[in-house]
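Chemist: I have a structure I would like to understand better, so I am pasting it below and will then ask my questions one at a time.
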Amino acid sequence: MHHMTLAEIARGLADKKFSSEELTQVLLARIAQLDPQLNSFISLTQELALSQAKAADARRANGETGALLGAPIAHKDLFCTQGIRTSCGSKMLDNFKAPYDATVVAKLAAAGTVTLGKTNMDEFAMGSANESSYYGAVKNPWNLEHVPGGSSGGSAAAVAARLLPAATATDTGGSIRQPAAFTNLTGLKPTYGRVSRWGMIAYASSLDQGGPLARTAEDCAILLQGMAGFDPNDSTSIDEPVPDYSASLNGSLQGLRIGVPKEYFSAGLDPRIAELVHNSVKALEKLGAVIKEISLPNMQHAIPAYYVIAPAEASSNLSRFDGVRFGYRCENPENLIDLYKRSRGEGFGAEVQRRIMVGAYALSAGYYDAYYLKAQKIRRLVKNDFMAAFNEVDIILGPTTPNPAWKLGAKNSDPVAEYLEDVYTITANLAGLPGLSMPAGFVDGLPVGVQLLAPYFQEGRLLNVAHQYQLNTDWHTRTPTGF
């Protein structure tokens, strides 16, 4: 049962081969047995899951249908869930129980999903390895000595280990796509504004976007269908019709123009990953796609721009966690200043503190124009590069990451080395574009992903290409040993 995809579960439930309650019990037992070696969950919600499963079975018995009705999932632990701890992977929010559901949580619950729990993550979504969590590092099921990627590493590890078929995640600079690449999953970052951010605890408000992590493009289409849509509670939500993503999966790729940026194949890219990317290009070419070399000349400036903008927004967003309004409060403060200092110093981990300091510096008087304003100008240049490229091609293809997953702790002493792993993913966040990572092979037994980027609101096109690729390859069907 645990090997079934979301689409297979939907068919099984519709055909009455098993009930949602039976499936939920199987997966809860599997999590209890296997998750101690992965640490992919922060909180389990057994009682809620079983009650939701029973309710979904009752709805089906009354004639209701739906691809997500009775489907078990988990939420990354920055989506507010009413009455359940929402920690953001931080000591700062260890005792916070949200008084309401995030829009994503509410929409998926209304569609009939069963919430098994809340998944582990880098603290406040800051990281590319899922090692900065207050609750400990998450392990990659493909090799327990390696990272699963971040910040959505808990969601990725849980789905990759077949603890559940799919999970929600968020992507600020690649935090859906990079963990997907490291764990042999399909992960989709939608267009900025396509999925509501209301109730999603913010890291960098102009970059954050929620999306699905699953084993196949078909499953991502099903989950995105339940997540997407306009939300009047979110001022950045776009009032754009949501198409039927599953309906477009089987479209032909004949004549599809795929651009491959020459800047992607620099000295920083592992040549073995470059070879797998070229193999993916050949596979898509056989399906009728037309390949063209393109250029994204400002890509080299993306990392420095991102690591000014994101920390600047983080320093502003996280100012609310002061021991008075929200979050952890230190014991026996001497005065108000001591309360602020010790509550934040004790409540935030090292990586969060580092980014707050960088952001506060970039926004300070005398440095705003030199750093933050300049970074925003570079952001516009990055967007212009994409707009020019999409006049020539329909899709952009390249590696998701420059290297496979590294060993736990390998980059802890050099944060910049970890930041450089985001080189291919952050441009989509800076420009607000949709991006998808799909399994494309293995290097030293570790999964490798290929990234697809598309124009705004063309998630269906990404899912179509990935689905057709997956019909003709079997990388996405591989399972980590022991799971």
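When the sequence shown is numbered by UniProt numbering, its final residue is 483 and no position is left out of the sequence of numbers.
Think of the CB as a built atom: it goes at the ideal place given N, C-alpha and C, for glycine as much as any other residue.
Just so we're clear, the structure is a prediction, and the values are computed from it rather than from any experiment.
If I follow the unbroken beta strand (DSSP E) through residue 119, where does it start and stop?
Modeler: Looking at the DSSP string, the run of the beta strand (DSSP E) that includes residue 119 is 114-119.
Chemist: Compare the beta carbon distance of residue 139 and residue 43 with 8 Å and say whether it is the shorter of the two.
Modeler: Result no, Cβ atoms of residue 139 and residue 43 do not sit closer than 8 Å.
Chemist: Given a cut-off of 8 Å on the beta-carbon distance, is the pair residue 440 and residue 277 in contact?
Modeler: Yes, these two residues count as a Cβ contact at 8 Å.
Chemist: Going by DSSP, what residue range makes up the alpha helix (DSSP H) through residue 433?
Modeler: Run containing residue 433: none; DSSP gives neither H nor E here.
Chemist: Give the DSSP bridge partners of residue 281, in chain order.
Modeler: Per DSSP, none; premise fails for residue 281.
Chemist: Does the Cβ of residue 465 have 16 or more other Cβ atoms within 10 Å, making it buried, or fewer, making it exposed?
Modeler: With 16 or more Cβ atoms within 10 Å of its Cβ, residue 465 is classed as buried.
Chemist: Helix, strand or coil, according to DSSP, for residue 293 in the structure here?
Modeler: Strand at residue 293.
Chemist: Tell me where the beta strand (DSSP E) around residue 450 begins and ends.
Modeler: Looking at the DSSP string, the run of the beta strand (DSSP E) that includes residue 450 is 446-453.
Chemist: What residues match up with residue 168 in a beta bridge as DSSP calls it?
Modeler: In the DSSP output, where bridge partners are listed per residue, residue 168 has 212.
Chemist: Is residue 176 near residue 113, with beta carbons less than 8 Å apart?
Modeler: Their beta carbons are not under 8 Å apart, which means residue 176 does not touch residue 113 by this criterion.
Chemist: Would you tell me roughly how many angstroms separate the C-alpha atoms of residue 467 and residue 356, rounded to the nearest one?
Modeler: Those two C-alpha atoms are separated by around 40 Å.
Chemist: Let me know the beta strand (DSSP E) ranges lying completely inside the stretch 359-403, each 3 residues or longer, listed in chain order.
Modeler: Listed in chain order, the complete beta strand (DSSP E) runs (minimum 3 residues) inside the stretch 359-403 are 395-399.
Chemist: Which residue wins for smallest C-alpha separation from residue 418, given the options 383, 45, 127 and 19?
Modeler: Out of 383, 45, 127 and 19, 127 has the C-alpha closest to the C-alpha of residue 418.
Chemist: Using the C-alpha atoms, what's the distance from residue 70 back to residue 20?
Modeler: Roughly 5 Å separates the two Cα atoms.
Chemist: Does the stretch 404-413 come within contact of the stretch 440-458, defined as at least 3 CB pairs closer than 8 Å?
Modeler: The stretch 404-413, when compared against the stretch 440-458, does touch it at the 8 Å Cβ threshold.
Chemist: By alpha-carbon positions, which one of 416, 408 and 399 ends up nearest to residue 427?
Modeler: Among 416, 408 and 399, the Cα nearest to that of residue 427 is on 399.
Chemist: If you draw a straight line from the alpha carbon of residue 284 to that of residue 450, how long is it in whole angstroms?
Modeler: C-alpha separation (whole angstroms): 12 Å.
Chemist: What does the alpha-carbon distance come out to for the pair residue 383 and residue 452?
Modeler: Going by the C-alpha atoms only, they are around 16 Å apart.
Chemist: Please classify residue 37 as buried or exposed, where buried requires at least 16 neighbouring CB atoms within 10 angstroms.
Modeler: With fewer than 16 Cβ atoms within 10 Å of its Cβ, residue 37 is classed as exposed.
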